[in-house]
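Engineer: Below you will find the structure I want to go over with you.
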Amino acid sequence: MGRLGLAFKAFFQTLTNADFADKVETLALPAPAEPKEEKPTIQPELVGLLALFQREGRLIDFLKEDLGGFGDAQIGAAARSVHEGCRKALEEHISLEPILSESEGASVSVPAGFDPATIRVVGQVAGDPPFQGTLQHHGWKIAEGSGPVSLPKTDQLVVAPAEVEIP
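Listed below in structure tokens is the structure:
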């Protein structure tokens, strides 16, 4: 059957058969739009923080370096330099305090209604809080009243500019 014959058959089926008409109507609808692939947005603050740690401690250089060919003493010396620079940058720009004041290894109670973004309960967790456990890490939060976090402003995705030495 040619297309003209099919068109007549479909026309008369549509007039006399409601189920068929519904199917034809569905076919006549435009195809759903392809979902647009959204690129994740990169927050300028994140770029600024990475730029700060790179500028002060060369953190990204250290993390991207393949350390397989270096001895422990060389890695330790590099880590000390990175640590000093990044710690200085952190202390100058962000005031942090522990979430829990107890020492690591101390017995602590996690109250009912605790904020899971603030305290992560791990191990053999069963039942409802309060939980009793051993503090593995006290956590960190930005100290209240520490003022706004001051980071370098950037509108680009450049964390560290390329560096060219002119002789």
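Its first residue numbered 1, the sequence shown is counted upward by one per residue in the UniProt record's numbering.
Think of the CB as a built atom: it goes at the ideal place given N, C-alpha and C, for glycine as much as any other residue.
In this text the structure is predicted, and so the values were computed from the model without any measurement.
1) Rounded to the nearest angstrom, how far is the Cβ of leucine 135 from that of leucine 100, given a contact under 8 Å?
2) Please tell me whether proline 111 and proline 130 are closer than 8 Å, where the distance is taken between their beta carbons.
3) With DSSP as the reference, label proline 98 as helix, strand or coil.
4) Could you tell me the boundaries of the beta strand (DSSP E) in which isoleucine 142 lies?
5) Out of Val82, Ile142, His137 and Gly68, point me to the one whose CA is closest to arginine 58's CA.
6) Which partner residues does threonine 134 have in the DSSP bridge list?
7) Compute the Euclidean distance between the alpha carbons of glutamine 106 and histidine 138, then round it to the nearest angstrom.
8) Assuming leucine 52 contacts histidine 93 under a Cβ cut-off of 8 Å, what Cβ separation, rounded to an integer in Å, is found between them?
9) Applying the 10 Å Cβ sphere with the 16-neighbour rule, what's the burial state of glycine 5?
Structural biologist: In short, the structure shows the following:
1) 6 Å
2) yes
3) strand
4) 140–142
5) Val82
6) Ser107
7) The question names glutamine, but residue 106 is alanine in the sequence shown. Going from the Cα of alanine 106 to the Cα of histidine 138 covers about 10 Å.
8) 6 Å
9) exposed
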